[in-house]
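The sequence shown maps to residues 46 to 263 in the numbering used here. Even glycine gets a Cβ: it sits at the ideal position worked out from N, Cα and C.
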Amino acid sequence: MSGNFRALNFSSADLGKDITLLLMFEPPKNGVLFKDLFPLIDKRLSEVLTFTSAGISAATVEYTADTGFLVPQVHSGNLVAASNAQRCQTGQTCTLMTKEDQSSNYLTEAVAGDPGALQCVNKAARPAEIGVGFFNKAGNKIEPTLMWKDIAVGSTLAAQLTPKLKIYAVSDYKATELIRGNIQSPLLFEENLIALPSFSEWTVSIDLATKQVVISKD
């Protein structure tokens, strides 16, 4: 995990207006986007980032590559939290089970699986929602990144995650909110985090000619 750790520092100065940035990972190819696969705004990435109109603002984004599956809980139709989670790395498999009293689902510890993907087998009592996310640097909490709906009983979800981070300037989104459609804002940032150095600096500014938000590498 330590070799894949990345920290990105974003800063701004006297923007002239408040700017909110939405951070999300590019979804994998399996699943129909916005039908049975939903990206999530990544709370682990320093919340939805806000930069103020006056003075200096800064925020640091940390990526650990410490992946895992989770049993998602959807609140108010949108916000997602984890009721249960297990670490699962590429080449490992978790199993989703249902408690004997049928009260809830849970995940078993990861075991060796097929190389090239992290997998979760649904052996729960009924079709289920399964999420994937990243643990924080302390390793004591997982933040949801993607969620699949209606995974059939007996089927295996195989996820190949590329840590490609995308950033948009938006409004009216909350951390760990389900994204139910295409983002109606220009893409400002798209980077494979593994290709970046362990620490990088980025400046958030507004182009004086176009009035568009710009993110540039220092």
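Endpoints, beta strand (DSSP E) assigned at residue i
i: P189; result: 187 to 196
i: G100; result: Segment: none, G100 is in no beta strand (DSSP E) and carries neither H nor E.
i: T201; result: 201 to 204
i: E174; result: 173 to 180
i: S261; result: 258 to 262
i: V166; result: 163 to 167
i: F211; result: The question names Phe, yet the displayed sequence has Lys at residue 211. Counting along the chain, the beta strand (DSSP E) containing K211 begins and ends at 209 to 214.
i: L152; result: 150 to 152
Residue i - partner residues in DSSP beta bridges
i: E311; result: In the structure displayed, the chain extends from 46 to 263; residue 311 sits before or after that span and is not available.
i: L60; result: According to DSSP, L60 bridges with nothing at all.
i: L68; result: I212
i: L94; result: L66
i: T112; result: F179
Residue burial classification, residue i (beta-carbon count within 10 angstroms, cutoff 16)
i: N49; result: exposed
i: G176; result: buried
i: F244; result: exposed
i: N167; result: buried
i: V116; result: buried
i: S128; result: exposed
i: P160; result: exposed
i: P172; result: exposed
i: P242; result: exposed
i: S57; result: buried
i: V258; result: buried
i: L85; result: Caution applies to L85, whose pLDDT of 45 falls short of 50 and renders its modelled position unreliable; the model cannot decide the point.
i: T140; result: buried
Secondary structure of residue i, DSSP reduced to three states
i: L241; result: coil
i: N49; result: helix
i: R132; result: strand
i: S230; result: coil
i: Q137; result: strand
i: G158; result: coil
i: G184; result: coil
i: E236; result: strand
i: E107; result: strand
i: Y218; result: Its pLDDT being 42, under 50, Y218 is placed unreliably in this model, and the value from its coordinates should be taken loosely. Coil at Y218, not helix or strand.
i: T143; result: strand
i: T255; result: coil
Pick from the options that is closest to residue i, judged by C-alpha positions
i: T248; options: A162, G184, V215, A104; result: A104
i: K211; options: T201, R51, L68, E145; result: L68
i: I64; options: S200, T109, S230, A240; result: S230
i: A155; options: T97, M192, Q147, T138; result: T138
i: A110; options: T95, I101, C133, G100; result: C133
i: A204; options: V198, D59, G136; result: G136
i: S148; options: A170, Q131, D59; result: A170
i: D59; options: I101, E71, A52; result: I101
i: F70; options: D252, Y213, L253; result: Y213
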